[in-house]
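Here's the structure, in structure tokens; my notes come after.
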Amino acid sequence: MKFTFKEEKIYVNLVRFVGSLLLAISYYKDYSGQGFINLLGGLIVLLLYMVLIWAKNAWWTEVKYYAVTFIMILIILVLHYVFGSPNTSLLWPLYFIILFMNRVYPRVSFIVGITTLTAVFLIYSLSLSSFLGLLCVILVARSIKIRRDAHYLTTLHLEELNKTHKELEATHNELQEAMVHSVRYAALEERTRLASEIHDGLGHQLTSLIVQLQALQIMQVNDPKRAAESTSQLITIARQAMAEVRVAVKEWSNDEMGLGLVALKGLVAQTQSRSSIQFKLNQKSEVTEWPIETSIVLYRVLQESLTNVLRHSNATIASIDIEEVNDTIYLTVTDNGVTAKEEPLNLGYGLNGVTKRCKASGGYCFFSSIEPHGFRLQAVVPVACRPIVEEKE
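Structure below.
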């Protein structure tokens, strides 16, 4: 039966109360009418029992255990040998209490148990066979206690592991949520950049279209032939503006499935803004809409790759190529840094993490040096990648 903390506390206190009551009854029965010295000595032993039973675990030390128990044994021996007390029943409970109550100081339990057994042997003049029998009882009880304590510690460790697992699970969920927010933020920044470009590009085209339409009104009266030629130019301008609107609408989709490529562009733009290295993102093919899990994997891979370029490459140019072929995405980052073709590649913690992340998503990643110098990373990730567990980095 498994008790809750509150139920276990009530049970322990009940056992302590019953034990204290039985000790008090034993004291009254054995020492009443035995003279003042025996009565006082027995009372001191009884009070020390109360301390042993009711004192909190935080108060105890190994020295205090030895002091309390040895004083009790000494008093009982003095009462028996000096003052002729025939009753030593208060000696027996000491062994069982110290053996089964003390988890923190196992050495105390063993030494006090042997000392108590020796005192019993002296008082009752037991034979060697009786002494060995009682010693066997001690060893059996000791074995039971060790097994009980081991079970208790195992249960405690399992509870701590479960608690730690839940905390790690919560941290993982927080990391996943933070990663999604990071991707959304990068996408939002890229959309803001697109808005600025649309304002400049589309605004210019519409302004030009309005001016030429106003001129067309005049040309229709004075020069109809020239007006007809201008019409084709106006149609071209309008089509260009419509094409830009279509691109903007596609990039500006509120669907999370469309965050991937936009977020990657935003990450490259962020990195470019704080570095003198020239970063260029090349979209080699049309891409489908990626699930948010795929977007996160590619975002983290690109993030670590760009960090590696900034920290270690000493490059001036870095290109990022994105291509989707047969439901597989190829993300390639190449720089013109100082890595030479003949140099062995020493992957650090970050790039090792990239390899693990790609593998966990169902893809793979490899690295190589390029001629005459530079470094290339290529990550291959399926569009429908497996969800992966975020690692603390």
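Counted from 1, the sequence shown has number 366 at position 367 by numbering that gives the first Met the number 0; the numbering is strictly sequential. Note that the Cβ used here is the ideal one computed from N, Cα and C, for glycine as well.
Residue i vs residue j beta-carbon contact at 8 Å
| i | j | result |
| --- | --- | --- |
| Val308 | Asp334 | yes |
| Val366 | Leu346 | Here residue 366 is Phe; the residue named in the question, Val, does not match the sequence. Contact: yes. |
| Ala237 | Leu260 | no |
| Phe82 | Ile36 | yes |
| Val395 | Leu376 | In the structure as shown, the chain starts at 0 and stops at 392, and residue 395 therefore has no counterpart that could be examined. |
| Thr293 | Cys384 | yes |
| Val353 | Glu323 | no |
| Tyr30 | Leu38 | yes |
| Ile291 | Ala317 | no |
| Tyr64 | Tyr27 | no |
| Leu89 | Ser25 | yes |
Rounded distance between the beta-carbons of residue j and residue i, thought under 8 Å
| i | j | result |
| --- | --- | --- |
| Thr115 | Tyr94 | 4 Å |
| Asn281 | Ile319 | 7 Å |
| Val379 | Tyr329 | 6 Å |
| Ala339 | Ser368 | 7 Å |
Among the options, the one whose alpha carbon lies nearest that of residue i
| i | options | result |
| --- | --- | --- |
| Ala314 | Pro290, Ala339, Gln211, Gly373 | Gly373 |
| Pro92 | Val119, Arg106, Pro85 | Val119 |
| Ser108 | Val62, Leu73, Ser312, Leu208 | Val62 |
| Phe16 | Leu51, Phe35, Gly32, Tyr27 | Leu51 |
| Tyr298 | Ser312, Ile321, Ser284 | Ile321 |
| Ala177 | Ala54, Lys283, Ile295, Leu152 | Ile295 |
| Asp326 | Ser284, Tyr348, Leu152, Thr170 | Ser284 |
| Cys135 | Ile113, Arg356, Arg106, Leu21 | Ile113 |
Own chain partners of residue i with C-beta closer than 7 Å, once the 5 adjacent residues on each side are dropped
| i | result |
| --- | --- |
| Leu205 | Ala240 |
| Ile74 | Gly40, Ile43, Val44 |
| Gln302 | Leu266 |
| His79 | Thr87, Ile122 |
| Gln219 | Ala226 |
| Gly18 | Ile52 |
| Ala23 | Leu45 |
| Glu6 | none |
| Ser274 | Leu309 |
| Met71 | Val44, Leu47, Leu93 |
| Ser84 | Gln33, Asn37, Leu78 |
| His156 | none |
| Arg356 | Val296, Arg299, Val300, Ile387 |
Close Cβ partners of residue i (< 8 Å) along its chain, the five nearest in sequence each way excluded
| i | result |
| --- | --- |
| Ile217 | none |
| Gln211 | Ser229, Gln232, Leu233, Ile236 |
| Lys358 | Cys364 |
| Val77 | Gly40 |
| Asp254 | Because Asp254 sits at a pLDDT of 43, beneath the cut-off of 50, its placement in the model cannot be relied upon, and the following sentence gives the value as read from the coordinates. Counting only Cβ-Cβ distances below 8 Å, and skipping sequence neighbours, we find Glu288. |
| Ile96 | Gly18, Tyr48, Leu51, Ile52 |
| Arg106 | Glu61 |
| Asp222 | none |
Residue i beta carbon near the ligand MG (any heavy atom closer than 7 Å)
| i | result |
| --- | --- |
| Ile291 | Absent from the structure shown: the ligand MG. Ligands present: none. |
Neighbourhood of residue i by C-beta distance below 6 Å, restricted to the same chain and skipping five residues each side
| i | result |
| --- | --- |
| Gly257 | Here Gly257 scores only 49 on pLDDT, less than 50, and its place in the model is too uncertain to base an answer on. |
| Gln271 | Phe278 |
| Gly336 | Ser312, Asn313, Ala314, Gly373, Phe374 |
| Leu215 | Ala226, Ser229 |
| Tyr10 | none |
| Leu344 | Phe366 |
> Taking the runs of the alpha helix (DSSP H) that are 4 residues or longer, which of them lie wholly in the segment 32-110?
Replying inline: 35-53, 61-80, 91-100
>> Please give me, in chain order, every unbroken run of the alpha helix (DSSP H) with length at least 4 that falls completely inside the segment 293-356.
In response: none
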